[in-house]
Each structure stands twice: as C-alpha cells, then as structure tokens.
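Residue numbers (my numbering): 242 to 467.
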C-alpha cells in the first residue's frame, strides 16, 4: 500500500515572504536615493551705521558796514547817472552807475556826510550813521543848475577876522594863532560825533566850563560856530 505524501498549504506564509521582499526592495531603493544635506542658514552681517561728523566754522563778526543809495534829480525824480559820490570823513570816492545807484563798501562805523556832485548840478549832501555788518541807504537829490549860471561853490573856511579857533584835538588850545587858549575847569575830553578820541569835551551841566586865557574884547559882534 502506497502512502501518499500530505501537503499542507499555509497561505499566510506566502504573504509574509512577499512582505519581506517588498521591505528589502524599499530599503534598497531608499539606500540608493540621493541624500539631501541641510544647507546652512545664510549669515547676515549688519552694516555698521556711520556717525555723521559735524564741522563747526567760526564766522567772523564784520567790523565795517556799507552805505548805498541813488542820486536823483530833485525836480523830476529821474536818476542822475555818473555822479561822483564821496564821504566826509573820507573813505572812498565812487561813481554812480547809469541808474544813479552807488555803493560804498568797507566803511568804518560812525557818522558821515555823503556828498554827490556832477557838472550841471548843485552838489548836495546827506548825513548817515553807518553800523558794522549793515547797509545804510541814503538817496541824494541834486538840483539842476540853469544853463549859463555857474554852480554855487562852498565858501572857504572863515579866516578873515577870526578871533579864536578851538578844534579840541586833545586840548582846548586856540589854533587861530591869536593865543586865546582855553582853560578847562572840570570838563573832560571824550569822543566826538565821528568817534574820534579826545576830540570833544563833556560837561556835567553843573560847574564845568572852559574860559579863555586872555581878555577877548566883546565890543564887536562875533559869530560862534559850533
């Protein structure tokens, strides 16, 4: 009697083997896949802020001023071109432009007489006070002289009959040559209106005075110019 071999099938065994092969295949695929390395984060170096540099420049205080203006016809108000303009005390002599305008620069502070002159016109002057760092405006009006009539000329300084002349240039001496020197009682030397030192006297209004050293006769009428 032949014995038969008995075979028993285990379905789950095949499934298990298939799962093992799939796992190995996945592992092999995973091993051959490219490896992505993490990239380093970019390093940002902050730019340092620049500190502004402040430069201090000293501006010198102006020591002089200027005077400017226009020379004008006193009759019709038209500009007078090319007139000569100068100051007293003297600083600079300039010529007005074709519109009658003039500018005198670098004038020391003080009080000045600004004079304009042109042939055919009578000269004229105005008084101005010049301050450092400022421009003083002074228009000058000239009167036209009729044709054939000479322009008036300034009178010469009075010398005929002069009794005494006191310029107060550091003292009260008589500069006329007549010897009528002044004797000062209490008054003190000071600056004059042009800021000249020791060129005027200051009186307290009580008991300061100046008297002549000689007896000046008052039998004649005198004119006193201050």
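Here a beta-carbon is modelled for each residue, glycine too, at the ideal position from N, C-alpha and C.
All figures in this text were calculated on a predicted structure; none of them were measured in a lab.
Query - Buried versus exposed call for residue 427 [16 or more other C-beta atoms within 10 Å across all chains shown] - result: Sequence index remark: in the chain shown, residue 427 carries index 186 (1-based). Exposed, since its Cβ has fewer than 16 Cβ neighbours within 10 Å.
Requested in this report: With a cut-off of 8 Å on the beta carbons, I'd call residue 312 and residue 320 a contact; round off their distance for me.
Outcome: Sequence index remark: in the chain shown, residue 312 carries index 71 (1-based). Sequence index remark: in the chain shown, residue 320 carries index 79 (1-based). Beta-carbon to beta-carbon, residue 312 and residue 320 are separated by about 7 Å, close enough to satisfy the 8 Å threshold.
Requested in this report: Starting from residue 329, follow its DSSP beta bridges and name the residues at the other end.
Outcome: Mapped onto the chain shown, residue 329 falls at position 88. Looking at the DSSP assignment, residue 329 forms a beta bridge with 354.
Report task. Can you have a look at residue 300 and say buried or exposed, based on whether 16 or more other CB atoms are within 10 angstroms of its CB? Result -> Within the chain shown, the letter at position 59 stands for residue 300. By the Cβ neighbour-count rule, residue 300 is exposed, with fewer than 16 other Cβ atoms within 10 Å of its own.
Query raised in the report: DSSP state of residue 310, grouped into three classes?
Result: Residue mapping note: residue 310 aligns to position 69 of the chain shown, counting from 1. In the structure shown, residue 310 sits in a strand (DSSP, three-state: E or B).
Query raised in the report: What first and last residue would you give for the beta strand (DSSP E) that runs through residue 442?
Result: Here the question's residue 442 lines up with position 201 in the chain shown. From DSSP, the beta strand (DSSP E) with residue 442 extends over 441 to 443.
Report task. Would you decide whether residue 498 is buried or exposed? Buried here means 16 or more other CB atoms lie within 10 Å of its CB. Result -> Residue 498 lies beyond the stretch modelled for the chain, which goes from 242 to 467, so this question has no answer here.
Requested in this report: Since I believe residue 364 is in contact with residue 357 (beta carbons under 8 Å), could you give me their beta-carbon distance rounded to a whole number of angstroms?
Outcome: Reading the chain shown from its first residue, position 116 is the one you call residue 357. Reading the chain shown from its first residue, position 123 is the one you call residue 364. So it is a contact: roughly 7 Å between Cβ atoms.
Requested in this report: Return the bridge partner residues of residue 342 from the DSSP annotation.
Outcome: Here residue 342 is taken as the residue at index 101 of the chain shown, counted from 1. Its beta-bridge partners are 311.
Query raised in the report: Does the region 404 to 419 touch the region 367 to 384, meaning 3 or more C-beta pairs lie closer than 8 Å?
Result: no
**Report entry** Spatial neighbours of residue 450 in its chain, beta-carbon cut-off 6 Å, leaving aside the 5 residues before and after
**Finding:** Here residue 450 is taken as the residue at index 209 of the chain shown, counted from 1. Closer than 6 Å at the Cβ level, and outside the excluded window around residue 450, lie 426.
**Report entry** Beta bridge counterpart(s) of residue 363 as assigned by DSSP
**Finding:** Taking the first residue of the chain shown as 1, we reach residue 363 at position 122. Residue 363 pairs with 384.
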